[in-house]
Amino acid sequence: MKKTSPFLLALAAIPLAAGFAAPVTAGEALANAGDAAPASGHVLTANIGLFSSYRFRGIDQTFGRPALQGGFDYVHSSGFYAGNWNSNVSSGAGYPEGNLEMDFYGGYKTTFGDSGDFGVDVGAIYYYYPGTDLTTSNAGKTNSGRVDNTELYVAASWKFLSLKYSRAVSDYFAMPDSKGSSYLDLSASYPLGDGWGINAHLGRLDFRNVANGSYSDWKLGVSKDVAGWVLGAAYVGTDARGDCGKSEFYCFSSSLSSQNVQNGSRTRDAGRGIAVLSLSRTF
Numbered sequence: 001m002k003k004t005s006p007f008l009l010a011l012a013a014i015p016l017a018a019g020f021a022a023p024v025t026a027g028e029a030l031a032n033a034g035d036a037a038p039a040s041g042h043v044l045t046a047n048i049g050l051f052s053s054y055r056f057r058g059i060d061q062t063f064g065r066p067a068l069q070g071g072f073d074y075v076h077s078s079g080f081y082a083g084n085w086n087s088n089v090s091s092g093a094g095y096p097e098g099n100l101e102m103d104f105y106g107g108y109k110t111t112f113g114d115s116g117d118f119g120v121d122v123g124a125i126y127y128y129y130p131g132t133d134l135t136t137s138n139a140g141k142t143n144s145g146r147v148d149n150t151e152l153y154v155a156a157s158w159k160f161l162s163l164k165y166s167r168a169v170s171d172y173f174a175m176p177d178s179k180g181s182s183y184l185d186l187s188a189s190y191p192l193g194d195g196w197g198i199n200a201h202l203g204r205l206d207f208r209n210v211a212n213g214s215y216s217d218w219k220l221g222v223s224k225d226v227a228g229w230v231l232g233a234a235y236v237g238t239d240a241r242g243d244c245g246k247s248e249f250y251c252f253s254s255s256l257s258s259q260n261v262q263n264g265s266r267t268r269d270a271g272r273g274i275a276v277l278s279l280s281r282t283f
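If you use our numbering, the sequence shown corresponds to residues 1 to 283, in order.
In structure tokens, the structure reads:
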């Protein structure tokens with residue numbers, strides 16, 4: 001699941017008083033772009049990052065292993081944007097027979113107010129996991145086939161604060177009868193000067209019609225820009241139900257078959273608290 005907030009993608013072409021600096025979010029280096037739109041009206045950037053673990057909405061996607069992530073973003077001075085972002089994932093995180101996540105997104109963002117302190121963003125994102133093949137049942141229904149998810153989102157910002165609401169218009173990551181699941185994301189990022197920044201996040205997932213699927217997650221982090229490379233450290237935690245001794249919903253195995261059978265002998269609580277280290281850059 002893409003960790004970039006598409007709310008930030010248009011900032012390279014639109015003035016912004018204060019931007020985000022969360023180092024564990026791909027593409028957020030765009031947030032501190034220039035004060036004026038380029039003469040051509042077009043901005044194309046690429047981003048790459050190495051992360052000690054990939055957490056999406058607080059949940060472990062790589063079974064505690066490192067993740068290599070990156071993508072491309074196009075922004076027009078009108079406020080329209082589009083992009084692609086990619087990461088390795090573990091099949092045991094719910095992507096049987098798959099090991100790659102590809103996200104495609106687009107939308108429109110604008111700022112207003114005397115200093116451009118306020119912003120609004122609307123868009124859509126599609127989460128795609130090539131090669132996945134899953135059969136799963138829930139609430140008396142069964143889904144079979146590729147794992148994917150489509151969400152619409154709307155976001156608002158004021159200076160260093162943002163609030164974003166996302167809603168699934170398909171079954172949420174192939175879980176039957178989960179269409180309409182939603183995620184509320186309150187985030188803050190504040191520059192301290194000399195390349196330093198702090199960031200925080202609080203989120204809530206409403207996983208429709210899935211027992212023990214809903215949870216809250218949070219993050220507190222610090223970042224340092226060193227010659228264009230952003231070093232980051234953050235603590236990520238959740239209250240997700242992942243006790244493997246009780247076989248709870250967010251207890252993940254190291255691998256998963258197409259019949260939703262745990263192939264790996266190792267399991268772990270995918271929502272446990274963890275420190276995430278990162279190194280990223282936008283070109």
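All residues carry an ideal CB built from backbone N, CA and C; glycine is no exception.
Note that the structure is predicted; figures quoted are calculated from it, not measured.
Query: C-beta atoms of Thr150 and Ala124 nearer than 8 Å; Result: yes
Query: Alpha carbon of Ser162 to alpha carbon of Val122, nearest angstrom; Result: 13 Å
Query: Residue closest to Arg204, alpha-carbon to alpha-carbon, out of Ala227, Asp73, Lys219 and Tyr235; Result: Lys219
Query: Limits of the unbroken beta strand (DSSP E) element including Met102; Result: Leu100 to Phe112
Query: Check whether Trp229 and Leu279 have beta carbons under 8 Å apart; Result: yes
Query: Buried/exposed call for Ala270, threshold 16 Cβ in 10 Å; Result: buried
Query: Distance CB(Tyr235)-CB(Gly273) smaller than 8 Å; Result: yes
Query: Through-space distance from His76 to Asp243, alpha-carbon basis; Result: 46 Å
Query: For Asp185, the first and last residue of its enclosing beta strand (DSSP E); Result: Ser182 to Gly193
Query: Of the residues Tyr54, Ile59, Phe51 and Ser90, the one placed nearest Arg266, counting alpha carbons only; Result: Ser90
Query: Burial state of Thr142 (16 or more Cβ within 10 Å); Result: exposed
Query: Test item: CB-CB of Gly83 and Phe72 under 8 Å; Result: yes
Query: Burial state of Ala26 (16 or more Cβ within 10 Å); Result: In this prediction, Ala26 scores a pLDDT of 32, lower than 50, which makes its location untrustworthy; no coordinate-derived value is stated.
Query: Rounded Cβ spacing between Pro130 and Gly94 (contact assumed at less than 8 Å); Result: Their Cβ separation, rounded to whole angstroms, is 15 Å, which puts Pro130 and Gly94 out of contact at 8 Å.
Query: CA nearest to the CA of Asp114, picked from Tyr127, Lys159, Ser182 and Gly70; Result: Lys159
Query: Terminal residues of the beta strand (DSSP E) in which Gly232 lies; Result: Trp229 to Thr238
Query: Exposed unless 16 or more other CB atoms sit within 10 angstroms - verdict on Pro96; Result: buried
Query: Per-residue burial, Val147 [other beta carbons within 10 Å of its own, 16 or more giving buried]; Result: buried
Query: Distance between Ser40 and Phe207 (C-alpha atoms, nearest Å); Result: 43 Å
Query: Simplified DSSP state of Pro23, which is helix, strand or coil; Result: Residue placement at Pro23 cannot be trusted, given a pLDDT of 39 that sits under 50; what the coordinates show is reported in the next sentence. It is coil, neither helix nor strand.
Query: Backbone CA spacing between His42 and Gly116 [nearest angstrom]; Result: 20 Å
Query: Pro176 versus Ala139 - alpha carbon distance; Result: 7 Å
Query: CB contact flag (Gly119, Arg268, <8 Å); Result: no
Query: Ser255 versus Asp225, Gln61 and Arg281, residue with shortest Cα-Cα distance; Result: Gln61
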